[in-house]
Each structure stands twice: as structure tokens, then as C-alpha cells.
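Line order of the protein sequences matches chains U and B.
Quick note on the working numbering: the first sequence kicks off at 167 and runs consecutively.
Quick note on the working numbering: the second sequence kicks off at -10 and runs consecutively.
C-beta atoms are modelled at their ideal positions from N, C-alpha and C, and glycine is treated no differently.
Bear in mind the structure is a predicted one, so any value in this text is a computation, not a measurement.
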Amino acid sequence: MVGQRGWRFRLIVALFLAPSLVPLVLFLVLPMFSSIALSFLSWDLLTSPRWVGLANYRGLLHDSEFHSALFHTLYFVAGYLPLVFVGGLLLALALNQQLKGVAWLRTLYFLPVVTSWVVVSLVWKWLLNPQYGIVNRLLGFVGVHGPGWWLDPGWAMPSIIFASAWKDLGFTMVIFLAGLQAIPHEYYEAAALDGAGRWSRFRNITLPLLSPASFFVVVISLINNIQVFDQVWVMTQGGPAGSTTVVVQQIVQNAFSYGRMGYAAAMSWVLFAIILVVTAVQLRLQKRWVVYA
Amino acid sequence: MPELATTLQAPALGLRRALTPRFTRRTVPRALLYVLLVIGGLAMLFPFAWMVSTSLKPDLAVFQTPPQLIPKPFQPSNYSTVVHIFPVWRFLINSVLVAVISTTLQVGTSAMAAYAFARIKFRGSGVLFMLYLTTLMVPFQVTIVPLFVEMKYLHFVNSYPGLIVPSIASAYGTFLLRQAFLSLPVELEEAAFVDGASHWTVFTRIALPLVRPSLATFGVLSFIGSWNSFLWPLVIISSQNLMTLPVGLSNLQGEHLTAWNLVMAGATISVLPILLVYLVAQKQIVRGFVLSGVKG
């Protein structure tokens, strides 16, 4: 390294950092801090802002639409996470075998991950069209009268969950695959020599050594999906009869449809707090079940 | 050494069974596994196939019973129709423009900062890098409202700058590329410095070419992220001629609710470019997703 410590050196460092540091401060750090301030204001962007203290947060306590959005978000995550976790794990175990054409299968399973939520949602909305969708027509062939899917308040959220799990299965699969491939082969050989059966090897080697990958999947999936929005917006816009409204949608609508900037900001901090608590709990629980080899 | 002991005492039969490939016991489950995997693979492929199939069907054939996978007759004119009634080309151009510009900017700015963090020793480097990492935790929905207000003051609402400016820099890219720069041996640049080269020369001539795989990984990831981005373009853009494909598509569906062949034609047009990127850069993409946990 060059041993200059004068203004020239500082200038060089600044020139390297500025192109990323300045935009990050302007468009990420600044909005983040102003978001806190904003959450104490009443502001519609047209008239001048008014300080309201904790009124926005207090309002959230009594906002039944916000509460049902929170519940729907929870419902979504609770349905989605087990599907992508178990599905991704089983897929990874299967695709970790020395099978012919396995690379092709992996490519196929990962394909929906790179596709946009809008396309996936539109395609599934069509597949699950109650009247003309292929799913209900195939069900009709075997004599089952399919449900109304996204047009039925009881089935709308499950429809969104199915479509989302279908899209993200490939994502959890590659995380688990990476975890599986990091397990040294010698462990299995030694266990086989000891007479350990397949189940025992899975139970005592694969599962514990895969726990860091499992942990990653759970933490990342929770963080990402508590913020679910795109697929809900395209498939149902929160309907029918408000049965699929989610928190981010409430934030967007309050800010950009109702002009309640401060209220939306308060909402976003409540959601952020929930994400932080959930993640913190995960990090605490990690010691109990995650094994780092 | 319990392992060795059990191994030695293991009955000969068990040992042999453990060491020989068990074709007989495995063949049947393996075939079953194969069948299941292929069925699953078809379940992944089918929605896309059905999308393309629907996009090529005449209006009434879309609702025809029994449904057909291969449209008869083909109606490729759906594509020209959707392009005619909706500015799909415009959406496509906007998407390409925004994705190319923001990817280029993100790769460039991240590489520069990453080089500084990895290869230049300066005071406050550690603290500053920690701050970069901290910003990764902030969910976008926390900044979206004030960011919109900021864009309003800058007169960037409903404009290309409004679409692009928030994604000039990337803390994640800086993190990823810093790792890449750290893995380079010091000797490489020492020789160059002895010859009187500047940091900029070392960065552009020596370091950058060596981390090309990481640049590619981050580049494709950033491109896919921008291509599929929905929430921010939805919020910041209101004119149809500035919309990117995802936002335009969701509007197309809103306006032509039952014209599923047209909606699917639009969806197919928007999938093709990303499919191409995926098939060319599959390795980098999968690696990037594993490293980051970010999703499209």
C-alpha cells in the first residue's frame, strides 16, 4: 500500500467512495431518518405538515383495517413458509442425488425464481380462474367442483400462497442444495462403515449439518415475506371483500391514495419493528438448534 | 476410538452391505424418485407453457372445452394486437433502459467503494463498512414514503430520474465485491505501486479484470432485480409512456380483464428477455441468489 496520508490520499479515498456513499446517504439513510420524523406528522403533501406527536401510532391501535392487514400478512407467512421450507428441502435432497439430467431439473425448478411477481401472479390468476382456468377444468374432469380461488374470500389467500410457494420453491431449493454440498462426504462414509442406515445418517448427519441453511431460509423468508405486496396487488388488490389486504398495501394506499404520509410512515415502522423482533427471536433461538460444524 | 471398534466388530455381512452399491435395493425407489421429480418439473414448466399456449389462441378458443395445449388454429396476431392496443414496446424500452442504466451504475459505484474498503487502508474504514452493512437491514417499505416526498422536491416524480436515482448505489453490491477484492493477493498490486502506478490504475487495470466473475454475478442479479421491480415504479410513475413492463402489464390486466390471450401475450413478451439472461448466466444467477437471499 502507498504510504501517503496527506490531503491527496484523502481525496483519492473520497473519490472512490463518493459515487456510492452519496447516493446511499441521500436515498436511503436520509429517507430512513426522515421516516421517523414523518411518522409524528400529519401531512398530505399539499398543505403544510402538522406535528401530531404519537397520534399516528395511537391511531394504529384502533385501525381495524390495519389489524386485519396484519392478520392477513401473518396468515400469508404461516401458509407460505412451511410449503417452501419442506418443499425446498425435499427437492434439494432429491436433486442432490447423482441422477441423469439433474442439472436440467434444477434449471427448471429455479426458473420461476427469476420471473417477475407480476408475470407469475398473472399466469396463476389465469390458471386459477374459477370458470375458465385450467386447474378447475382439470378438477372438473375428475368430478371435483373446484373452488372460486381468488374470487372467493375463503380461497383468495390460499391462492396467493400457492402461487408464491410455486415461485419461491426453487429459491429455498438452491439454498438447501448449497448446504447439502457443503457436508463432507467422509461423514457419510464413516457412518456407513459404522452400520448407520439411511434414516440414521439423514437424522444424525444431514439434518444437523443442514441447520445453518435451514436457519438462513427461515430468517430470510420471514424478512422478505412479511413485506409481501406484488402478488397480492396483481392477483386480488386486497379483495375480495378485503380478505387479502396486507400491511405494505396499507402503507402504499395510505400514503399514495389517501395522502396520509405520516400515518403510512408510522405503519412502516410498526412493520419494521415486527421484522426486527421476529429476526431477533430467530437469532436467540438459533443457539438451540443450529449446529455450526 | 469407538468408531474404529464398531467397524472392526461389525459383522462381515453388514460391512459388505455397507460398502457395496445396493443396486437391487435402490433401483425401485430411484425410479420412483425420478418420476416424481419429472412430474414436479412439469408442474414448474406447465404454467409457462400454458401462458404461451393461451397467448396464441383465438379469443373464443381461450374458453373452449376441452382445453387444448396446442392452439388450433394458431393466432399469433394476438401479439400484434396487444402491441397495438397497449404501448408494450414502450414498456419494454423503458424496462431495458432502466435496467441497463441502474445495473451499470450499481456495478460501477459498488466496485469503486468495494475496492476502497478492501484494498486501501484509511481511517474509519471499518466503521463506514459496518454502516453499509446496517443499511441492508432496512426494509424498502420504511423508506418508500419519504423517498417519494424527496423525489417530489427534486421534481423527479413521474420521470426517468425518479425511476433510476434510488438505485444508483448498492450496499449489497459493495459487500459482495469487497469479498472478491479481498481474495486477491497483495503481491499483484505491490509490483504496480513500485512502478509508480496510482490506485486508479491498479483498480481499473489489475483489480477489476480479476474480479470479473463477481462483477458478472452482481451484474445479472442487479439486472433481474431492476427488471422485475414493481413497487417503486408503481408508486413513482403515473404516465403510461414511462411505465416499465411489470407496471404496464398489471395495468393491461386491469383494463382488459377477460382478454386472457392478450394478457398472456404481454406476459410472454416480458418473460422472454429475462429467460434469455437466465439461460446464458444461470451459474452466476444461482450463485448470487445463494449468497444474498435477495429475491426478484
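Comparing alpha carbon positions, the residue from B:L136, B:Y121, B:V175 closest to B:L199 is B:V175. In the three-state reduction of the DSSP assignment, B:R112 falls in the coil class, being assigned neither a helical nor a strand state. Listed in chain order, the alpha helix (DSSP H) elements of length 4 or more contained wholly in the stretch 131 to 207 of chain B are 149 to 153, 160 to 171, 176 to 183. Using a 10 angstroms sphere on the CB of U:L294, the tally of other CB atoms reaches 16 or more, which defines it as buried. Distance between U:V394 and B:D184, taken at the CA atoms: about 54 angstroms. Taking the beta carbon of B:W39 as reference, the chain U residues within 8 angstroms of it are V289, W292, L293, I300, listed in sequence order.
The beta-carbon separation of U:G425 and U:L211, rounded to 6 angstroms, stays under the 8 angstroms limit for a contact.
Listed along the chain, the chain B residues whose CB falls inside 9 angstroms of the CB of U:W315 amount to none; the nearest CB is some 14 angstroms away. Look at B:Q57: its C-beta is not under 8 angstroms from any C-beta on chain U. One alpha carbon belongs to B:M101, the other to B:A158, and they sit about 11 angstroms apart. Chain order gives the chain B residues near U:T273 as Q271, where near means a beta carbon separation below 7 angstroms. Scanning U:T411, U:L442, U:A430 for the CA closest to the CA of U:S234 turns up U:T411. Just so you know, the alpha carbons of B:N230 and B:T257 end up roughly 20 angstroms apart. Bounds of the alpha helix (DSSP H) holding U:W290 are 283 to 293. Note on geometry: alpha-carbon atoms of B:Y267 and B:W216 lie some 12 angstroms from one another. It is roughly 26 angstroms from the alpha-carbon of B:A20 to the alpha-carbon of U:N370. For B:I109, the neighbours in chain U by C-beta distance under 8 angstroms run, in chain order, M167, I178, V179, F182. A distance below 6 angstroms between beta-carbons, with the five flanking residues on each side excluded, links B:N83 to the following residues of its chain, in chain order: T233. Under the rule that a run must span 4 or more residues, the alpha helix (DSSP H) segments found entirely inside the stretch 57 to 129 of chain B read 66 to 74, 77 to 108, 114 to 124.
Shown here for B:V72: same chain residues with a beta carbon closer than 7 angstroms to its own, the five before and five after excluded, namely W78 in chain order. Chain-order list of chain U residues neighbouring B:W78: empty, with the shortest C-beta distance near 17 angstroms, by a criterion of under 8 angstroms. Considering only U:W316, U:A180, U:S208, U:G306, the residue with the shortest C-alpha distance to U:A421 is U:S208.
In the three-state reduction of the DSSP assignment, U:R364 falls in the helix class, which pools H, G and I. Taking a Cβ-Cβ threshold of 7 angstroms, the residues of chain B close to U:Q393 are P128, Q130, in chain order. Residues of chain U with a Cβ closer than 8 angstroms to the Cβ of B:Y23 are, in chain order, L265. In summary, the residues of the stretch 229 to 255 of chain B whose CB is separated from some CB of chain U by less than 7 angstroms are P235, L238, S239, Q242, W249, V252, M253, in the order they occur in the chain.
Within 7 angstroms of the CB of U:F193, the CB atoms of chain B belong to L136, V154, P155, in sequence order along the chain. Pairwise C-beta distances place the stretch 449 to 458 of chain U out of contact with the stretch 226 to 240 of chain U, as fewer than three of them are shorter than 8 angstroms. For U:S423, the three-state secondary structure derived from DSSP is coil. Using a C-beta cut-off of 8 angstroms, the stretch 102 to 122 of chain B makes no contact with the stretch 263 to 279 of chain B, since fewer than three inter-stretch Cβ pairs fall below that distance.
DSSP places U:S208 in the strand class (E or B) of the three-state scheme. Contact annotation: B:Y121 and B:T163 have beta-carbon atoms nearer than 8 angstroms.
Counting along the chain, U:W173 sits inside the alpha helix (DSSP H) bounded by residues 173 to 190. Contact between the stretch 324 to 331 of chain U and the stretch 373 to 382 of chain U is absent, with fewer than three C-beta pairs closer than 8 angstroms. For the options B:F111, B:F278, B:T70, the alpha carbon positioned closest to that of B:S211 is the one of B:F278.
In the DSSP assignment, U:T273 falls within the unbroken alpha helix (DSSP H) covering 268 to 280.
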